[in-house]
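A.B. asks: Mind looking over this structure? Questions follow.
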Amino acid sequence: MGSAIEYQKVMTEIVYINLPAPEEPAPGMTGGELLHGFLVDFHRAENPEVRNFVSLLCNKWNVHYQEKTE
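Here the sequence shown is numbered in the working numbering, starting from 11 and rising by one per residue.
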């Protein structure tokens with residue numbers, strides 16, 4: 011007899027946005043680089059409400075900002 015509890019394994023992927031990022035798009039950038047730049051613009055927003063909203067969305071979708079250490 012089968013189990014009374016059904017479950018679905020959910021795979022999650024964490025996306026890291028590297029900081030600092032380019033200020034402007036450049037020729038030859040990949041779609042991922044353009045998306046990262048777009049998200050970094052929101053991260054740099056002066057309005058704290060915008061930054062908070064973006065942070066909440068990023069947490070929901072497993073997107074994390076990280077500082078490059080070189």
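Positions of the beta carbon are idealized from the N, C-alpha and C atoms, including for glycine.
#1: Under 7 angstroms between the Cβ atoms of Gln-46 and Ile-24?
#2: According to DSSP, simplified to helix, strand and coil, what is Asn-62?
#3: Excluding sequence positions up to five away, which residues of its chain have a Cβ less than 7 angstroms from the Cβ of Asn-72?
#4: Determine the DSSP secondary structure at Asn-28, reduced to helix, strand or coil.
#5: I believe Leu-44 touches Pro-30 by the beta-carbon criterion, under 8 angstroms. Please report the beta-carbon distance rounded to the nearest angstrom.
C.D. replies: Put simply:
#1: Before going on, a small fix: residue 46 reads as His here, not Gln. Here His-46 is not near Ile-24, since their CB atoms are 7 angstroms or more apart.
#2: In the structure shown, Asn-62 sits in a helix (DSSP, three-state: H, G or I).
#3: These residues qualify, in order along the chain: Thr-22, Glu-23, Ile-24 and Val-25.
#4: Correct three-state label for Asn-28: strand.
#5: About 16 angstroms; that fails the 8 angstroms criterion.
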